[in-house]
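Numbering (full-length UniProt numbering), first residue to last: 1 to 436.
Think of the CB as a built atom: it goes at the ideal place given N, C-alpha and C, for glycine as much as any other residue.
Since the model is a prediction, treat every value here as computed from it, not as a measurement.
Notes for the one structure printed next.
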């Protein structure tokens with residue numbers, strides 16, 4: 001068969017596939033396209049796309065800030081000894097890396113830091129080859145609230161710290177090789193040099209599947225040296241002693257809170273941390289999305305998410321909507337959507353419920369029941385369900401400053417338990433039972 005006839009036959013086959021593709025429903029078209037793209041993945045195209053993202057950052061209006069962030073990241077790797085350049089072995093499996101850029105904002109939404117991270121493309125790893133266990137705990141928000149309640153009740157000193165390039169401290173148990181990353185300030189390699197050498201990872205790197213676990217094991221081992229122990233309720237709440245004083249430490253990946261009776265004790269703990277890790281001591285008014293307001297004179301501590309709540313209201317265009325007095329209408333019962341019922345289309349239902357869920361979990365228990373109710377219809381919702389979601393947002397709009405307050409009482413500390421009867425909510429309606 002001639003080359004021309006083969007080319008014509010190939011063209012006809014592609015045209016036939018294209019026509020069959022157009023006959024599919026739109027959702028199936030998208031799924032088919034994604035499957036085809038995954039099956040016939042072009043590695044060079046993916047690398048080019050990543051490089052274009054880096055070029056956007058380093059040639060845009062904020063280029064000086066991004067270049068400084070990239071150089072700072074590369075310097076941290078050099079000081080840490082994250083990898084060693086070794087000669088490429090044709091039989092060794094390697095993974096790639098990419099740059100990830102992020103703007104760090106304060107509670108008011110202003111940018112205070114340009115952050116660049118060199119991340120390994122961990123999805124290329126294979127279980128049993130270059131990783132095994134991956135689980136790593138993080139402190140739960142209810143544990144943070146208990147710690148803050150203790151701070152208020154006992155009038156403890158509080159400090160916040162951030163461990164820079166935390167994942168780079170983890171020790172790898174597996175042997176992993178990475179392609180030489182593209183860098184700046186003398187770190188650029190010629191194509192021939194990049195092909196002849198690879199990076200043998202000495203420490204864990206962002207993006208590796210086992211990186212969070214390696215870091216958690218490293219930090220836990222560090223605290224164990226000072227006789228700190230994890231609590232039974234939460235593996236990321238550590239309790240220990242400095243002299244005769246009790247010290248409490250909460251860790252959320254690389255962000256931490258330390259509470260103790262005196263500032264001297266806090267200084268000792270922060271000093272121990274700074275001897276092993278490079279840390280930044282931050283303001284205690286903000287911690288992992290939770291705003292903290294404290295009145296030491298009255299021994300009160302208030303946690304809220306007013307800045308985040310404002311962003312939710314603005315994002316879903318509910319600023320001008322009428323404010324609801326309660327988050328859920330007690331006269332409306334939400335039912336599952338039947339097969340022939342009309343469904344809500346082109347509404348950000350999942351996104352809105354997810355945003356509200358984070359608010360409810362952290363600082364707004366008053367919307368927890370309402371959010372739980374609408375979250376039952378993430379895959380199957382109609383206009384009635386969407387109105388219920390918008391009602392929650394309108395309620396949040398009128399209660400932006402709501403939160404949880406802890407204060408010291410003259411009475412002994414008591415922890416009352418409240419149980420609500422919920423037999424009447426099986427039909428997805430509002431709470432109609434009585435509290436016990």
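* Asked: Taking C-alpha atoms, which residue in 147, 400, 95, 380 lies nearest to residue 122?
  -> 95
* To do: Report yes or no: do three or more beta-carbon pairs, one from the stretch 75-90 and one from the stretch 99-116, lie closer than 8 Å?
  => no
* Asked: Under the three-state reduction of DSSP, which class applies to residue 97: helix, strand or coil?
  -> strand
* Beta-carbon proximity list for residue 38, same chain, < 7 Å, skipping 5 on both sides -> Bear in mind that the predicted position of residue 38 carries a pLDDT of just 36, short of 50, making it unreliable; the figure below should be weighed with that in mind. Contacts found: none.
* Beta bridge counterpart(s) of residue 283 as assigned by DSSP -> Partner(s): none; residue 283 has no beta bridge.
* How many angstroms separate the CA atom of residue 126 from the CA atom of residue 317? -> 44 Å
* Quick one: what's residue 160 bridged to in DSSP? -> 257, 282
* When we look at the beta-carbon of residue 343 and count the other beta-carbons within 10 Å, is it buried (16 or more) or exposed? -> exposed
* To do: Can you grab the Cα-Cα spacing for the pair residue 145 / residue 179, in whole Å?
  => 43 Å
* When we look at the beta-carbon of residue 131 and count the other beta-carbons within 10 Å, is it buried (16 or more) or exposed? -> buried
* Asked: For residue 200, does the three-state DSSP call read helix, strand or coil?
  -> strand
* Under 7 Å Cβ to Cβ from residue 309, same chain only, skipping five residues before and after it: list those, please. => 359, 396, 400
* Cβ shell of residue 210 (< 6 Å), same chain only, five flanking positions each side left out -> 131, 134
* To do: Taking 9 Å as the cut-off, decide whether the C-beta atoms of residue 208 and residue 116 are in contact.
  => no
* Asked: Are the CB atoms of residue 256 and residue 163 nearer to each other than 9 Å?
  -> yes
* **Closer than 8 Å: residue 211 CB and nearest the ligand ADP heavy atom** => As for the ligand ADP, it is missing from this structure, which has no ligand bound.
* residue 160 versus residue 403: straight-line alpha-carbon distance, rounded -> 21 Å
* Quick one: Cα of residue 305 to Cα of residue 320, how far? -> 20 Å
* **residue 141 to residue 385 span [Cα, whole Å]** => 28 Å
* Asked: On the three-pair Cβ rule with 8 Å, is the stretch 334-352 touching the stretch 285-301?
  -> no
* Asked: From residue 177 to residue 199, what distance separates their C-alpha atoms?
  -> 6 Å
* Asked: Any chance the stretch 241-260 sits against the stretch 212-226, with 3 or more Cβ pairs inside 8 Å?
  -> yes
* CB of residue 258 within 9 Å of CB of residue 338, strictly -> no
* What runs of the alpha helix (DSSP H), each 4 residues or longer, lie entirely inside the stretch 282-357? -> 306-315
* To do: Look at the Cβ atom of residue 237, then the Cβ atom of residue 143, and state whether they are nearer than 9 Å.
  => yes
* For residue 141, which of helix, strand or coil comes out of DSSP? -> helix
* Do you know whose CA, among 205, 277, 260, 351, lies nearest residue 219's CA? -> 277
* Can you tell which of 368, 93, 182 has the C-alpha that lies nearest to the C-alpha of residue 67? -> 182
* To do: Give me the Cα-Cα distance between residue 409 and residue 153, rounded to the nearest whole angstrom.
  => 8 Å
* To do: Would you list the residues sitting across from residue 252 in a DSSP beta bridge?
  => 255
* Three or more beta-carbon pairs under 8 Å between the stretch 324-331 and the stretch 263-274, yes or no? -> no
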